[in-house]
Amino acid sequence: MIIPAPLGPYLRTAAGLRPGQVGARLRLRGQRAVLRLRPQIGARLLRGDPPASFWPIGFLPFDGRCPPARPTFDELADGRLTLLDHSRDLRRRRPAVSTLAASSAVRRAAIVHADPTVESAHQGWDWQQTDAPLLWRYHLHYWDWAWALATEGERGRTMFARLYLDWHRSVPMGDPVAWSPYVVSLRAWTLCGLWPRLTRATPAEDAVLADLGVCRSFLRAHLETDVGGNHLLKNYKALIGLAVADGDGHGRDRWVDALRREIGRQILSDGGHYERSPAYHCQVLADVDDVVGLLTGAAAPVPPELPDATTRMRAWLAAVLGPDGTVPALNDGFGVRAEEVRFLLPASAVPAPAPAPAPAPADGLLLADTGLAVLTAGPWHLLADVGLPCPANLPAHAHADTLAFLLWHDGQPLLVDTGTSTYEAGPRRTAERGTAAHSTVTIDDADSTEVWGAFRAGRRAHPTLVTMSHLGETATLAAGHDGFRHLPGRPTHWRTWRLDPTGLSLEDRISGDGRHRVEVLFHFASGVHVASGGPESTVGSDAVEVTTPRGHRLLLRVAGSGTWRIRTTDRATGWGQIAPAYCAGYVLDSRLPVRVRSELTLCPSHRGSTSAGGPA
């Protein structure tokens with residue numbers, strides 16, 4: 001029986017969930033509805049004892065050592081806040097000032113000139129920011145941006161107290177953004193870390209302690225067992241921090257044990273985090289590192305499973321880093337700054353972009369559990385995705401990118417993932433998660449994994465690894481997947497990569513029956529120029545010329561009966577930020593089975609190519 005949309009995607013997504021997840025989702029939604037509609041009831045039920053402030057003064061968490069791009073003191077004093085590289089004016093809008101009030105305004109202006117923090121405190125901030133994107137609002141209520149005030153001495157403490165008391169008065173219990181469990185977890189951890197630096201002995205002390213008590217009660221009742229993944233780890237991390245701050249050894253041990261068990265489930269044997277996103281892997285590594293540091297600073301027992309996990313996670317991260325030191329943009333996640341990578345990998349320097357001195361023997365590494373493979377040969381470095389798109393019960397950050405790959409030449413990115421610029425449901429989110437946004441094969445414009453909504457995936461590709469080897473100067477990888485099995489003729493995609501010092505050879509085989517539209521996609525990095533072989537070109541119509549920012553000229557050639565389609569598509573360069581770049585697609589309409597062979601190699605300078613147009 002064929003299930004009509006939109007019911008079909010829902011049922012196919014729910015099929016991978018555990019029964020307990022569904023029950024937890026219903027429970028949490030009911031609890032949050034009560035808090036939203038009857039905040040006074042929630043305030044009474046969740047009132048907790050303020051912690052006793054036993055947070056170890058010598059411990060500085062990751063956000064304190066490597067804070068997010070921080071606002072300046074003057075910016076905060078002016079009522080502006082920059083998060084995710086987007087700045088907003090948070091001052092509450094006043095009604096127009098009457099003539100009779102003008103003299104009062106003049107007097108206040110004189111005071112503000114002497115101390116600009118007075119204006120922000122007098123006016124107050126609009127903490128709702130209802131017209132801002134949801135992720136920006138989440139970050140507002142994390143409060144990790146307040147680390148910018150920790151180095152400002154007494155004026156920073158004064159500013160923090162004024163802002164926090166304004167937040168405390170303005171944001172009610174049950175606010176759907178500020179009091180979502182994930183946001184509460186990050187805020188509670190941040191407030192614990194800021195306690196000895198910004199809060200103690202200030203007017204905000206009692207309010208912060210009272211709120212931390214409420215956070216503790218709230219998180220106990222709102223563990224995100226419906227989602228699991230990095231969200232649940234954040235819940236446990238916050239509860240450990242709150243127990244340490246309160247000197248509660250029993251509670252600390254309880255939540256440390258819960259974290260230990262969850263780490264055992266989420267960190268795979270190859271050291272990768274099971275959500276299979278390098279960016280979220282970095283977050284989880286920082287979280288576990290923080291817990292180990294906190295327990296050590298508090299002279300509390302550290303289960304050996306935690307430092308063992310961080311050791312394996314560091315090895316995994318070092319393995320998947322690009323030769324330019326960047327964290328690859330596979331699946332969801334926003335860019336990880338080089339400074340953050342240096343903190344996460346303190347024993348290894350982030351490689352600087354540099355040409356390979358000479359062709360080196362080929363090498364390969366398979367991270368079998370997370371499904372990533374690294375091939376290197378001469379100046380080439382390749383990272384292929386040959387694994388599951390996501391855990392069976394957590395599709396939130398999956399992309400339909402099975403058998404996609406990233407490629408570097410001479411230490412510089414050449415073929416890239418489109419990346420992630422938004423978590424807001426809509427056409428851009430759908431496009432960035434879709435198969436066509438990745439350097440792999442599409443059949444009849446379908447996705448290999450049925451990504452839908454903002455964080456859902458229904459039907460999923462099941463990959464099969466055939467072989468991986470490296471001998472002499474050549475590294476080889478072969479894999480397949482059945483993500484197009486729902487199409488007529490049940491196509492299956494098989495791909496073989498061969499990498500040697502001269503370049504990359506790629507073979508795509510599509511088995512199955514019937515006539516289909518097949519497109520082999522190559523997404524180039526921003527700054528790489530692509531030109532088609534026109535009538536006057538010496539490379540022929542079966543090839544395109546590629547020029548890197550360093551001036552290296554390469555030839556991308558395909559043997560087959562199809563045609564090239566060169567266009568510009570978007571690359572995510574940050575949250576809400578995109579840039580144009582070239583995409584070359586080789587398209588053919590053919591009966592299955594069909595085989596497409598392509599190669600990307602260095603070439604001598606060619607003349608007479610016809611530009612395909614594109615990025616300025």
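So the sequence shown is numbered by UniProt numbering: it starts at 1 and just counts up by one.
All C-beta atoms, glycine included, are put in the ideal place defined by N, C-alpha and C.
These numbers were taken from a predicted model, which means no experiment stands behind them.
Which same chain residues, not among the five before or five after residue i, have their C-beta less than 8 Å away from its C-beta?
i: G574; result: L84, D85, F334, G335 and S421
i: R65; result: F343
i: F524; result: L414, L415, V416, V530, V546, A581, Y582, C583 and A584
i: T430; result: V451 and W452
i: P328; result: P278, V320, L321, G322, L383, L406 and D417
Which stretch, first to last residue, makes up the beta strand (DSSP E) that contains residue i?
i: A478; result: T474 to H481
i: I240; result: Note, I240: premise wrong, no beta strand (DSSP E); alpha helix (DSSP H) at G229 to A245.
i: V596; result: V594 to L602
i: P580; result: Q577 to R591
i: H168; result: Not the beta strand (DSSP E): H168 falls in the alpha helix (DSSP H), residues G153 to S170.
i: P463; result: P463 to L471
i: A201; result: Segment: none, A201 is in no beta strand (DSSP E) and carries neither H nor E.
i: W566; result: Looking at the sequence shown, residue 566 is not Trp but Ile. Per DSSP, I566 belongs to the beta strand (DSSP E) from T563 to G574.
How far does the alpha helix (DSSP H) with residue i in it extend, from its first residue to its last?
i: H141; result: L134 to Y142
i: D211; result: E205 to A221
i: H250; result: G249 to Q266
i: Y280; result: P278 to G297
i: F343; result: A338 to L344
i: A188; result: P181 to L194
i: G8; result: L7 to A14
i: R65; result: F62 to R65
i: L76; result: F73 to A77
To the nearest angstrom, report how far apart residue i and residue j are at their CA atoms.
i: R169; j: G551; result: 58 Å
i: A109; j: A161; result: In this predicted model, A109 has a pLDDT of only 39, less than 50, meaning its place in the structure is not dependable enough to derive any value.
i: L499; j: V451; result: 31 Å
i: A315; j: L383; result: 16 Å
i: T435; j: L345; result: 32 Å
i: P133; j: G16; result: 30 Å
i: A298; j: G411; result: 43 Å
i: P353; j: Y423; result: Because the pLDDT of P353 is 48, which lies under 50, any placement of that residue in the model is unreliable, and the number read from its coordinates should be weighed accordingly. Distance between the alpha carbons of P353 and Y423 is about 31 Å.
i: L219; j: P181; result: 7 Å
i: A201; j: L259; result: 33 Å
i: F73; j: E152; result: 8 Å
i: A449; j: A396; result: The amino acid at residue 449 is misidentified as Ala; the sequence shows Thr. Their Cα atoms are separated by approximately 12 Å.
i: H529; j: D570; result: 14 Å
i: L285; j: T13; result: 28 Å
i: R553; j: E262; result: 49 Å
i: L394; j: D513; result: 33 Å
i: L407; j: T502; result: 14 Å
i: P9; j: D270; result: 31 Å
i: R137; j: L366; result: 39 Å
i: G156; j: A146; result: 9 Å
i: L81; j: S217; result: 30 Å
i: P379; j: L11; result: 46 Å
i: W125; j: A210; result: 21 Å
i: L194; j: V288; result: 19 Å
i: G387; j: D369; result: 8 Å
i: A446; j: R485; result: 11 Å
In its own chain, which residues sit with a C-beta less than 6 Å from the C-beta of residue i, not counting the 5 before and 5 after it?
i: C215; result: V184 and A188
i: G247; result: A52 and F54
i: T199; result: E205 and V208
i: R597; result: E507 and A559
i: S511; result: T492 and P593
i: D115; result: For D115, the predicted model reports a pLDDT of 42, less than 50, meaning its position is unreliable and no value from the coordinates is stated.
i: L295; result: V302
i: A404; result: D385, H438, S439 and T440
Within a Cβ cutoff of 7 Å, which residues of the same chain sit near residue i, ignoring the five residues on either side of it in sequence?
i: R433; result: H399, A400 and V451
i: R252; result: I240, A243, V244 and A300
i: V292; result: V302, L306, P307 and T310
i: S103; result: Because S103 sits at a pLDDT of 38, beneath the cut-off of 50, its placement in the model cannot be relied upon, and the following sentence gives the value as read from the coordinates. Result list for S103: empty, nothing under 7 Å.
i: G562; result: Y586, V587 and L588
i: R107; result: Below a pLDDT of 50, predicted positions are generally treated as unreliable, and R107, at 36, falls in that range; the measurement from the model is reported next regardless. If we look at R107 and ignore the five residues flanking it on each side, it has no Cβ neighbours.
i: Q283; result: N230
i: A461; result: P389, T402, S448, T449, H481, D482 and G483
* **Cβ pair count under 8 Å reaching 3, the stretch 459-468 against the stretch 478-487** => yes
* Asked: Would you call the stretch 484-492 and the stretch 544-564 in contact, with 3 or more CB pairs under 8 Å?
  -> no
* Asked: Along the chain, which unbroken stretches of the beta strand (DSSP E) at least 3 residues long are found entirely within the stretch 394-455?
  -> 405-409, 412-415 and 441-443
* In chain order, each alpha helix (DSSP H) run of at least 4 residues that lies wholly inside the stretch 305-330 -> Given a length threshold of 4 residues, each whole run of the alpha helix (DSSP H) inside the stretch 305-330 is given here in chain order: 305-320.
* Do the stretch 577-588 and the stretch 512-519 touch if we need at least three Cβ pairs shorter than 8 Å? -> yes
* Asked: Three or more C-beta pairs closer than 8 Å, one from the stretch 7-21 and one from the stretch 147-160: is that the case here?
  -> The stretch 7-21 makes no contact with the stretch 147-160; the number of CB pairs closer than 8 Å stays below 3.
* To do: Count the C-beta pairs between the stretch 188-202 and the stretch 233-244 that are closer than 8 Å, then say yes if the count reaches three, no if not.
  => yes
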